[in-house]
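A short worksheet on the structure shown next.
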Amino acid sequence: MSDLDLERLGEMWRADPEPAEMDALRRSAQTVARRARWGQAVDYAIALLVAGVVVYLALSNPEADTLLVGGAAILVLLGGQIRQRRLREVELRSLTGTAEEMLDQSIERLRTSRRHNRWSLVCLGPAMFVGYGLASTTGRERLAADPTVGAIWLGAIIAVMAALVIYLLSSLRNQKRELERLTALRQSYANETDQPTA
Amino acid sequence: MAANGESDGDRPPPFERIVADHGALISRIAMSYEADAGLREDLTQQIFLAIWQALPSYRGDASLKTFIARIAQNRAISFVARQVRQAPVAEIPERLEADAPDPEQSAMDASDRRVLLDATRRLPLPQREVIVLVLEGFSYPEIAEMLDIAPNALALRLSRAKAALKSMMEQSR
Numbered sequence: 010m011s012d013l014d015l016e017r018l019g020e021m022w023r024a025d026p027e028p029a030e031m032d033a034l035r036r037s038a039q040t041v042a043r044r045a046r047w048g049q050a051v052d053y054a055i056a057l058l059v060a061g062v063v064v065y066l067a068l069s070n071p072e073a074d075t076l077l078v079g080g081a082a083i084l085v086l087l088g089g090q091i092r093q094r095r096l097r098e099v100e101l102r103s104l105t106g107t108a109e110e111m112l113d114q115s116i117e118r119l120r121t122s123r124r125h126n127r128w129s130l131v132c133l134g135p136a137m138f139v140g141y142g143l144a145s146t147t148g149r150e151r152l153a154a155d156p157t158v159g160a161i162w163l164g165a166i167i168a169v170m171a172a173l174v175i176y177l178l179s180s181l182r183n184q185k186r187e188l189e190r191l192t193a194l195r196q197s198y199a200n201e202t203d204q205p206t207a
Numbered sequence: 023m024a025a026n027g028e029s030d031g032d033r034p035p036p037f038e039r040i041v042a043d044h045g046a047l048i049s050r051i052a053m054s055y056e057a058d059a060g061l062r063e064d065l066t067q068q069i070f071l072a073i074w075q076a077l078p079s080y081r082g083d084a085s086l087k088t089f090i091a092r093i094a095q096n097r098a099i100s101f102v103a104r105q106v107r108q109a110p111v112a113e114i115p116e117r118l119e120a121d122a123p124d125p126e127q128s129a130m131d132a133s134d135r136r137v138l139l140d141a142t143r144r145l146p147l148p149q150r151e152v153i154v155l156v157l158e159g160f161s162y163p164e165i166a167e168m169l170d171i172a173p174n175a176l177a178l179r180l181s182r183a184k185a186a187l188k189s190m191m192e193q194s195r
């Protein structure tokens, strides 16, 4: 057993920070609060603006298709807000829970994200072939008239696909590293609970 | 308004009051997890933002200090977990004020404080979490509740953390 005097160390630890340090802290907190309030206000303003524009367009042209598109736009907006709120709730639970719960949630989120990225990578090849097939079928006459346009399009598509593949591979590599770190950290918490004192 | 930033009935206190009352606690927690000054500033801002977002959900079932410490620790742990590099041992304000009553004593305190902080930063995260809460003056039942572990598991972790901290502090001196 250690004879470390935690009470004395605690008193030293809790010594008041310098006034300059506290001022910097207050400024930092004010900046954060101001940005957060602005962010909230901008979110509300955008939601109101989009809803207003949709309602105005629907009222000024009360056709069935306008109402349908307007209704769909509002549903998408509402869906986005609900999704945002759910994400915030999950984030909040992880912040106010224990470190183990937070790590478990982070690991789960990372695994889901990796699955999505792997799936995107797998789908990229077939999607490219399908896209190229469709483009060559629908634009056969234009391509025949000017083969350079076809070559430019093909080059551009291959460049975008290559960039996407590189991005996905790099994300997968970074996520793998992060997953290893988080799993090791989670394991260290499990070990702290399981192992008896040496 | 209740003293020390505690909630007034069911309503949480304003953010500005929390910063005034618990800013030092937040600063110390950030300091015990991140040594680099630039990254620490980033971490502190992330902690403030997390508190700002979580504040409306505060219901007063634990003390406000507990609520804030828990958020700050969790944010700090996730911040550190995402850093690829090793945490460097870096500076700490030395608190050598010109008007300090005893400069020699202040210098000793600053040096001891630096040793304590450096040693705390080198502890594994589960042990660091416990030591920081103990140093912040939380009682053992409060810590056990915050970490959601049994008292004997806390005693075990604390015992191991104290031994590691002592060894590291002795090496640093």
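Line by line, the protein sequences are chains A and B. Residues in the first sequence are numbered from 10 upward in steps of one, following the working numbering. Residues in the second sequence are numbered from 23 upward in steps of one, following the working numbering. Built from N, CA and C at the ideal position, the CB exists for glycine as well.
For the pair Ala-91/B and Ala-193/A, the Cα-to-Cα distance works out to about 24 Å. Counting of Cβ neighbours within 10 angstroms places Ser-69/A among the exposed residues, the total staying below 16. Counting only residues of its own chain and dropping the five nearest sequence neighbours on each side, Asp-134/B has no CB closer than 7 Å to any other CB. Excluding five sequence positions before and after Arg-195/B, the CB atoms of its chain that fall closer than 7 Å to its own CB belong to Val-137, given in chain order. From the listed residues Leu-86/B, Met-191/B, Leu-71/B, Arg-143/B, the smallest Cα separation to Arg-50/B is found for Arg-143/B. In the pairwise beta carbon analysis, the region 34-44 of chain A is classified as not touching the region 154-171 of chain B: fewer than three pairs are separated by under 8 Å. Residue burial annotation: Tyr-65/A is exposed, with fewer than 16 other C-beta atoms found within 10 angstroms of its C-beta.
Three or more pairs of CB atoms, one per stretch, sit closer than 8 Å, so the region 60-79 of chain B contacts the region 98-114 of chain A. By the Cβ criterion, the region 44-61 of chain A is not in contact with the region 44-63 of chain B, since fewer than three pairs of Cβ atoms, one from each stretch, lie closer than 8 Å. Within chain B, the residues placing a beta-carbon under 7 Å from that of Glu-187/A are Arg-104, ordered along the chain. Contact note: Glu-151/B reaches chain A through Ala-108, using a C-beta cutoff of 7 Å and chain order. The beta carbon of Val-102/B sits closer than 8 Å to those of Tyr-55, Glu-56, Ala-109, Leu-147, all from its chain and outside the five residues before and after it, given in chain order. For Ser-79/B, at least one C-beta of chain A is nearer than 9 Å to its own C-beta.
In this structure, Pro-28/A keeps its C-beta atom at 9 Å or more from the C-beta atom of Ala-46/B.
Close partners of Thr-66/B in chain A (Cβ separation under 8 Å): Leu-34, Ser-37. Ala-82/A is positioned such that its CB atom lies closer than 9 Å to that of Val-63/A. Around the beta carbon of Phe-89/B, 16 or more other beta carbons lie within 10 angstroms, which makes this residue buried. Taking C-alpha positions only, Asp-64/B is separated from Leu-71/B by approximately 11 Å. With a threshold of 16 other beta carbon atoms within 10 Å, Gln-193/B falls short and is exposed. At a cut-off of 9 Å between beta-carbon atoms, Gly-19/A makes contact with chain B. Linking Asn-96/B to Gln-149/B through their CA atoms gives a straight-line distance of about 14 Å.
With a threshold of 9 Å between beta carbons, Lys-188/B makes contact with chain A. Taking Ile-99/B as the centre and dropping the five residues before and after it, the same chain places the C-beta of Tyr-55, Leu-147, Glu-151 closer than 8 Å to its C-beta, in chain order. Around the CB of Glu-20/A, fewer than 16 other CB atoms lie within 10 Å, so the residue is classed as exposed. In the pairwise beta carbon analysis, the region 77-92 of chain A is classified as not touching the region 133-153 of chain A: fewer than three pairs are separated by under 8 Å. Distance between Thr-147/A and Ala-153/A, taken at the CA atoms: about 12 Å.
Annotation: Leu-145/B to Asp-32/A spans about 29 Å, alpha carbon to alpha carbon. Bounds of the alpha helix (DSSP H) holding Ile-48/B are 37-55. Burial is judged here by how many other beta carbons sit within 10 angstroms of a residue's own beta carbon; Tyr-198/A has at least 16 and is buried.
Residue state for Tyr-80/B is assigned as coil, using DSSP reduced to three classes. A distance below 7 Å between beta-carbons, with the five flanking residues on each side excluded, links Ser-122/A to the following residues of its chain, in chain order: Gln-184.
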